[in-house]
Every structure is written in structure tokens, then in C-alpha cells.
Amino acid sequence: MFQNPEVALHHLPDMEDLEWQQIHPRYARRLQLERALVVAAIAIATLATNLLIGVPLSKVFMLWLALFAVAVPLLSWPLISVPRRGYVVRDKDIVFRSGVIWRSVTAVPFNRVQHVETSSTPLDRKFDLANLQVFTAGGSGGDLRISGLGADTAEQMRVYILGKVGASIENH
Amino acid sequence: MKTTKPGQWQRTSPLAVLFFFGKLLKVITKNAWQSLAPLVAFVYAYEGELVTKIVVGAIAFFVISSSIAVLNYWFFRFQLNDDSILIRQGVVKKKQIDIKFDRIQGINTQQNVVYRYFGLVTINFDTAGSSGSEGNLPAVTRAFAESLRSKIGEQRDRDDAGHEEPDVDPLLTLGWRDMVRIGLADRRALIVFAVLGPLLERLGDDADTVIANTIEQAADGAFRFGVASGVAIVTTAVIGLILLFALISIAAALLRYHNFELFIDGNTLRSHGGLLTRHEVSMHLGKIQTLRLEQGLVMRWLNRFQLSARQARSSQKQGKGKNLIVPVVTAEVANHLRELLLAPEGDSLMQIPSSERFSAISPYYMRSHILFVGLLPAITATLLFWQVLGSASLAFLLWLPAIILLSYQSWQRAGYLLSAEGLVRRSGLVGYRSAALLYRKVQRVSVTQSRYQRRKDLASLRVYMASGSVRIPYIEHATAKQLRDYILYKVESSQQAWH
């Protein structure tokens, strides 16, 4: 039967006292390793060109200093940003928050989800991590992307969300 | 086409050759040089006079392209099944497209002069969201298009298929005055003027020589007369050009929107119009995601708006979702249309920008604009060019007041209006834009806060629709959170389909 009960705004579920689930702590390590590899590759390339062309190291000192200056924040940033990321799977939606300076909280209702995808790069697999992507209509790729979940967690969430999506379609 | 049995491969009318010919011409003009290269080579190799060469070239071009068009027609076949339509096409590279009826957002048709004579249309399937299934069906009968329409449940079943007009009174008809309005308000006309700017300058130079000559000729005291005629020439030329482009623009409007009519036919919004090629666009009312009302400078002066109903766009082709555009409406009609299109929930979603019911956003909105778009670039440019230009580089600081003015303007125009079922966001810089949406069609919501916004307890809310997102910047954090929770509640408790 059709019901249309009145809703008191202050009784709506809010997000004030949510228990945010953390991204897997290994994700910070994984990000650091990835960035370290990039920095190392640039460093090696620079060194190689220095030696080949025979430019004395003292002349390109500033270049090395700049590389160092970039590398330090790049490598330490994951330690700050990863703990800030969190997600909550609720009965009817999934909420994801991220950002240190620009903080954002995004919520995707399950009855708008088109499909769910998990993915992992070789580096992710090395750390036993996976990424979860939730797609809604009209989005431009990856509408909600939660990177760095434990591989098991990601799979569990994928199955759970799919189940919820299926249920919401049957209710139509 | 009357004998359309399901599950049988069939060809469209031979007149479809016209469609393929047109398509080929389009492709050629797009990649003009590459496609014409073989032809040029052929003409070059052929010995003879220039005129003969050109004639031979033209004939060769015509023969080659029409045979390609004929081949395209010959290899184009389609099959109508219970739940989908299969299209097989391609001469060298074969392609099979499977268009499922439940994926079709709308069936739009076009009818050029020849087709109109024979009662044929070209169907354009609008399938937002599913890739690789965008298709055209050239030169089929109108009755067939109608039967397809009813098949995808787009309109009430109608057994007397084939009659021209839907049997409902149009909500809106555009007359020649509206064509003039559309033509004048066309942004492309402004672009033409921008391109024309340098040309006009050169024309001015020529006029100078004319003036100089006149002066020389009338050396004894007829000086004033010379200057006067010079100025007259320039003015006439400029006004003439402006008039010419206004005319071209109006002609373009006439070409696209002549006899434009808008209907609501059952649950479907339909429009048709066009002088030579008749465009017919249709959209299921339930598929409308956002309703946008826009007013540029000229439209403001004319006291008119442009209304567009947007539906879900495909994720593959950004922003390629088909919109149904009503090119010119009065505020009154726009209000009436909104009530019809977003019925029954959209009643209080007033979109007219001058409405008192809009709430302002926080004036802190201007700060980040002024800081990052104004102050920072101005100071950087001044410092960078200090060595080269000296104190003249201080002129870059003039950028700042301009940005301050623009930021203020954009803040004043920004606003939002909330109702129990949906919201309207107003924005604009020179003109106005407003977008209305229903909460229950929202796909996802996010609340974002910068460091500065956190300090002022402000936030920006972004509501993602299947047709794109709508952002309300710099509102109270508490309002943003409450609105988000309310939207989520509306979406999650909605039992209605969003499309």
C-alpha cells in the first residue's frame, strides 16, 4: 500500500556520528613505494646523463636540490592523506570522504548504482590491495573510486553493493 | 516498408542513397585534404587544359562519391525484432549494431525536402549510456518511425499510423518574430563579429585611403565634405556588415526552427521545425534530468529565454546527450512549461532569475576568485615583466579591479532555491543561467570544503545528475549537510524510476 508519512528534518539520518572505516594502512606504503620508484628513476636518469655528458656534479647541484625538495613532501604526503580517507557502507548508500586541505564527502545511493568494479595493478597486488569503483549514470568514468582497500574487503564490498543494487531493482 | 515483418533483413528506400551521399560529403569536408588527395592526383596525372581538368575532376568526384553512396545503401540492412533492431552496414568494414528498445532514449527524425516529398524520414536513435549503439536509419517511412516510437512506449498506441501531426494542440509555436529573436541572440553571430574584427579594421584602412583621395581631389576648401563622406562610407560599411550577419543568423534560425512547434503527446515531449530539413525531436518526460533556462545579453534585452530539457548523457561521449531545446520563450511560457515538464513535483521550482525566492550564497565566494584569479596573476605578471617593461608593467594590476567587478557580478547572480522536491540553482556572469532538478533523480551528492571554507563554516554542495552536475558553492556547512541528507533520503526512499 502506498504510504507517505511526514518526515521531520531533524530525524533524517545524518553523517555526524558515522564510524568511518579507514583505508588499509598498507596503501600509504604502496603509494610511497610507487612515488619512490618514480623519483629513483628520475634520479638515475639524471645521474646517467650527467656522467655521459660529463657535466661535473657541482654544476647541477641545484637540480638535485630541487629533486630532493620535491621528493620529501611527495613521499611523506601519503602518511597524512591516507588516514584522512574513509568510507562507510550504510544500508542504502556508500559514503566516502577524502582530502586534507580540500575535504569532500561523497555519497552514492545504491539504487542509483549502475555497476561496481574492482581493479588492481601489479603493485596493488604486491601489497594485497584493490580498488573499488562504483559507477552511476551520466558520470565521466569512476564516479566513486576508493583506492587501497584490502583485496578481500574490496571483493566483499563489491558483492554487498551488487546485492543491494539487485534488491533495489526488484523493489521497483 | 509496409511489410515490416519481424526477423527479416530488409533494405530501406533507395532514396537512402541521398543520406549516404550527404554523409560522405560531411566526412570529406571534415578531412578535406586527405580524402581529396587521390582525386587531385588523378586530375594531375590526366593531361590536358585546366578547365578540362576541373571538369574531369568534378565528374570523377561525383561518380566516385555517388557509387560509394550507392554501395553504402546496398550494404545497409536492418532487421526488426521483438525487443531490438539490428543494423548491418559497411562496404569494406562490416559493422553490426544491435539497438535494444529499452535502451533507446528517444527517436528523433529528420526530413529533408526530397524526403518530405516522398513521406520519408531519417531516424536517429538516441541511446545515451550504451556505447557503440548509436545508429541512423535513413529513408524509412514516417509510419515506420511512428510504429517504432509506439514500440518503445514513447507515445500512446496509435493505429492510424502515418498521419503527420500529433493530434494535440501545440504548447508553443514560433513565428517569424521569434526567428528574428533567435537569429539576433545566436552566440555564433558574436563569434563571427569577433573574427570579422580585424577585417573591419582593414576595411577602415581602405576607407582612410578613400578619404585621402577625396581630400586630394577636393583640395580647395571642400575638406569637410571629404571627411564627412569618408565617415559615411565607413559607417555604412560597418552597419551593412552587421545587418548582413544578422540576416545570415536569422536565416540560419529560420532554416532550423521554421514552423517550430512543441507538444506534449502523452508522456512525450516533442518538437518539430525546420525549413528545408525538418527536425523532429522527442523526449520522454520521465527522462528529463535537468531543465535549464538561459538568458544571454541579447535575450535579456529582448526579454526572452532559452529553455533546454536535458536527459542522461552517455559516459563515452561527454556531453553528447541529446537535449530538447526551445530556442526562445517568454518568462510566462517558461514557467508554464516547467510546471508541465517536471510535473507534479516541479511546481514551486521557479526558474526565472529575477524571482525573489532565490537565496544568496555567502559573499566569501568572491574572496577566492579575487585572490587566485585576480591578485595572484596580476602580481605575478607585474613582477615577471618588471625588468622588460619597467613601471609600465604596473598596468597588469588593472586586471584586479576587473576581476573584482566580475566576481561581484557572478556572486550577485549566484543563488539557489530549495523546495521539498527539488532545487534550482542560478548562476551567470553576463547573462543568467538557471538549472532545475528533482531530488529523486539525483545520482550522487558530495559536500566539499576548502580550508578557508572550514574556518568560515561554509561548504560547496555538488549534486550529480545523469545529465551533468549542478554545484551550489559557498553555502552554510550545516545547510549543505542537511540538504545532502535530505536528498539522500529522497533518492533512497523513491520507488520511481529516475529515467
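Those sequence lines, one after another, are chains A and B.
Take the first sequence: its letters are residues 2 to 173, numbered as in my numbering.
Take the second sequence: its letters are residues 372 to 870, numbered as in my numbering.
Using N, Cα and C, we set each Cβ at its ideal position, and we do this for glycine too.
Note that the coordinates shown come from a computational prediction; the quantities given were computed from them, not determined experimentally.
- Task: Compile a chain-ordered list of the residues in the stretch 853 to 866 of chain B whose CB is closer than 9 Å to at least one CB of chain A.
- Result: GLN853, ARG855, ASP856, TYR857, ILE858, LEU859, TYR860, VAL862, GLU863, SER864, SER865 and GLN866
- Could you spell out where the beta strand (DSSP E) holding LYS466(B) opens and where it closes? 466 to 471
- Proximity test, Cβ basis, 8 Å: ALA41(A) and chain B: no
- Query: Between which two residues does the beta strand (DSSP E) carrying TYR845(B) extend?
  - Reply: 839 to 847
- So, does the CB of GLN814(B) fall closer than 8 Å to a CB anywhere in chain A? yes
- Message: For VAL341(B), report the span of its beta strand (DSSP E) as first-last.
- Response: Because chain B here runs from 372 to 870, residue 341(B) falls outside it and cannot be looked at.
- Where the alpha helix (DSSP H) containing GLN33(A) begins and where it ends: 27 to 54
- Message: Using a Cβ-Cβ cutoff of 8 Å, what residues of the stretch 792 to 824 of chain B are near chain A? List them in chain order.
- Response: VAL813, GLN814, ARG815, VAL816, SER817, VAL818, THR819, GLN820, SER821 and ARG822
- Message: Closer than 9 Å between beta carbons: that is the criterion. Which residues of the stretch 15 to 34 of chain A meet it against chain B?
- Response: Result list: ASP15, MET16 and GLU17.
- Item | Per DSSP, cross-strand counterpart(s) of TYR803(B) | GLN666(B)
- Message: Just list the residues that DSSP pairs PRO409(B) with in beta bridges.
- Response: Partner(s): none; PRO409(B) has no beta bridge.
- Item | Proximity of GLN450(B) and LEU457(B) at Cβ, strictly below 8 Å | yes
- Item | Interface residues of chain A facing SER730(B) [CB-CB closer than 7 Å] | Correct list: empty, because the minimum Cβ distance to chain A is about 17 Å.
- With DSSP run on the structure shown, which of helix, strand or coil describes ALA714(B)? Residue state, collapsed to three classes: coil.
- List, in order along the chain, the chain B residues whose C-beta lies closer than 7 Å to that of VAL106(A)? SER817 and VAL818
- The alpha helix (DSSP H) spanning LEU68(A) covers which residue range? 62 to 85
- LEU695(B) - DSSP class collapsed to helix/strand/coil: strand
- Check whether the Cβ atoms of LYS174(A) and GLU863(B) sit closer than 8 Å, and answer yes or no. With chain A covering 2 to 173 only, the question about residue 174(A) has no answer from this structure.
- Task: Specify the secondary structure class of SER438(B) as computed by DSSP and reduced to three states.
- Result: helix
- Using 10 angstroms around the beta-carbon of THR607(B), count the other beta-carbons present and answer buried if the total reaches 16, otherwise exposed. exposed
- Task: Locate the alpha helix (DSSP H) running through SER781(B), then write down its first and last residues.
- Result: 770 to 784
- Item | Nearest to LYS658(B) (by Cα), restricted to the options GLY644(B), SER726(B), TRP672(B) and ALA680(B) | ALA680(B)
- Message: For a test of the three-state rule: what should DSSP assign to TRP380(B), helix, strand or coil?
- Response: Residue state for TRP380(B) is assigned as strand, using DSSP reduced to three classes.
- Item | Within 7 Å of chain B by C-beta, residues of the stretch 87 to 117 of chain A in sequence order | The stretch 87 to 117 of chain A vs chain B, Cβ under 7 Å: LYS93, ASP94, ILE102, TRP103, ARG104, SER105, VAL106, THR107, ALA108, VAL109, PRO110, ASN112 and ARG113.
- Message: Against THR137(A), what residues of chain B qualify as contacts under a CB-to-CB distance less than 8 Å, listed in chain order?
- Response: GLN814, ARG815, TYR835 and ALA837
- Message: Which residues of the stretch 160 to 171 of chain A have a Cβ closer than 8 Å to any Cβ of chain B? Give them in chain order.
- Response: none
- Should SER99(A) be labelled buried (16 or more other beta-carbon atoms within 10 Å of its own) or exposed? buried
- Message: To the nearest angstrom, how far is the alpha carbon of VAL813(B) from that of PHE472(B)?
- Response: 24 Å
- Query: Closest by CA to LEU742(B), which one among ILE775(B), SER733(B) and PRO734(B)?
  - Reply: ILE775(B)
- Take MET158(A) and list the residues in its own chain whose beta-carbon comes closer than 6 Å to its own, dropping the five residues that flank it on each side. LEU133
- Query: Looking at chain A, which residues of the stretch 769 to 793 of chain B have a Cβ within less than 8 Å of any of its Cβ atoms?
  - Reply: none
- Message: Contact between the stretch 775 to 790 of chain B and the stretch 732 to 751 of chain B is defined here as three or more beta-carbon pairs at a separation below 8 Å; is this criterion met?
- Response: yes
- Can you round the beta-carbon distance between ALA510(B) and SER384(B) to whole angstroms, since I take them to be within the 8 Å contact cut? Here ALA510(B) really is in contact with SER384(B); their C-beta atoms are around 4 Å apart, less than 8 Å.
- Under 9 Å between beta-carbons, which chain B residues line up against LEU13(A)? List them in chain order, please. GLN853, ASP856, TYR857, LEU859 and TYR860
- Item | Beta-carbon proximity check, LEU145(A) vs ARG815(B), cutoff 8 Å | LEU145(A) is a Cβ neighbour of ARG815(B), given a cutoff of 8 Å.
- Going by alpha carbons, who is nearest to ALA465(B) out of TRP445(B), GLY419(B) and ILE425(B)? Checking the displayed sequence, the identity of residue 465(B) turns out to be Lys instead of Ala. Distance check between LYS465(B) and each of TRP445(B), GLY419(B) and ILE425(B) places TRP445(B) closest, using alpha-carbon atoms only.
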